[in-house]
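Just so we're aligned: 467 in this note's numbering is position 19 of the sequence shown, and the numbers increase by one with no gaps anywhere.
The block underneath contains the structure these notes are about, expressed in C-alpha cells.
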Amino acid sequence: MEFDLEMKEACGGACPPDEAEEVECTIFRAVETNPATEKDFSSWVKLELKSAKKNRCEHWGLSVWTELDAVNHARDVIPRMQELYIAAGDIEKQDGVIKATPTTNQPKHFTYWSYVGVDLLPKFAVIIPPVAEEA
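Following this line, the structure appears as C-alpha cells:
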C-alpha cells in the first residue's frame, strides 16, 4: 500500500512516522455536515488551510479519536467541536495507519493517514449531532 507521494516528499520521507500502525478499529472524526462529505476526510494540507504546514506530518493526516470519552473531552475543551457532528467508522488494516498524537488538552488524540485510493466516506456515519445551542 502506498501513501501520497507529495506528503512523503514534503516530510522528507518520514511521514507517516514508523510508529504508526495498521489497525482494525472504530475511529471517530468531527465532521461539518450530515451526511459527511469528502471534504470532511481531507487533511489540512489538502484543504489548503492557512495554518497547514506541508512539512508537518500531522497536517497531512486526519484528527481522530478511538474512544467516545475522548470525543466528549474534546468537545468540553474545544468550543468549535460543539458545532460539529461526530462520525464513526470502522477502519481496516488495508485502509491506512494510525498513531497516538496526544496534546496537552487532548491526551487521547490520534492522527490517521489513509493509503492512496482509500475512500473513507462510505465507512463513516454521523452518530452524534452538534451540541444544541442554549435557548
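Just so you know, even glycine gets a beta-carbon here, dropped at the ideal spot from N, CA and C.
These numbers were taken from a predicted model, which means no experiment stands behind them.
**Message:** Could you check whether the region 495-505 touches the region 456-463, counting it as contact only if at least three pairs of C-beta atoms, one from each stretch, sit closer than 8 angstroms?
**Reply:** With the rule of 3 Cβ pairs closer than 8 angstroms, the region 495-505 counts as touching the region 456-463.
**Prompt:** From the DSSP output, which residues share a beta bridge with H521?
**Reply:** In the sequence shown, the residue the question calls residue 521 occupies position 73. According to DSSP, H521 bridges with nothing at all.
**Prompt:** By Cβ distance below 7 angstroms, which residues in the same chain neighbour E450 in space, the five residues on each side in sequence not counted?
**Reply:** In the sequence shown, counting from the first residue as 1, residue 450 sits at position 2. Around E450, the same chain offers Y563, V564 as residues with beta carbons nearer than 7 angstroms, after the five sequence neighbours per side are excluded.
**Prompt:** The beta strand (DSSP E) spanning G510 covers which residue range?
**Reply:** Residue 510 sits at position 62 when you count from the first residue of the sequence shown. The question names Gly, yet the displayed sequence has Leu at residue 510. Element bounds for L510: 510-513.
**Request:** Kindly indicate which three-state DSSP category D543 falls into: helix, strand or coil?
**Result:** Sequence index remark: in the sequence shown, residue 543 carries index 95 (1-based). Three-state result, D543: helix.
**Request:** Evaluate A535 with the Cβ neighbour count: other Cβ atoms within 10 Å of its Cβ, from every protein chain shown; 16 or more gives buried, anything less gives exposed.
**Result:** On the sequence shown, position 87 is the one that residue 535 refers to. That one is buried.
**Prompt:** Secondary structure at C473, three-state DSSP: helix, strand or coil?
**Reply:** Counted from its first residue, the sequence shown places residue 473 at position 25. C473: strand per DSSP, three-state reduction.
**Message:** Relative to the C-alpha of Y452, which candidate in R528, T481, P578, V493 has its C-alpha closest?
**Reply:** Walking along the sequence shown from the start, residue 452 turns up at place 4. It is worth fixing the name first, because residue 452 is Asp in this sequence and not Tyr. Among R528, T481, P578, V493, the Cα nearest to that of D452 belongs to V493.
**Asked** Using DSSP with H/G/I as helix, E/B as strand and the rest coil, what is F451?
**Response** Start at 1 with the first residue of the sequence shown, and residue 451 comes out as number 3. In this structure, F451 counts as coil in the three-state DSSP scheme.
**Request:** Inspect the beta-carbon positions of Y513 and F558 and report whether they are closer than 8 angstroms.
**Result:** Stepping through the sequence shown from its first residue, residue 513 is reached at position 65. Stepping through the sequence shown from its first residue, residue 558 is reached at position 110. Inspection of the sequence shows that residue 513 is occupied by Trp rather than by Tyr. Cβ atoms of W513 and F558: closer than 8 angstroms.
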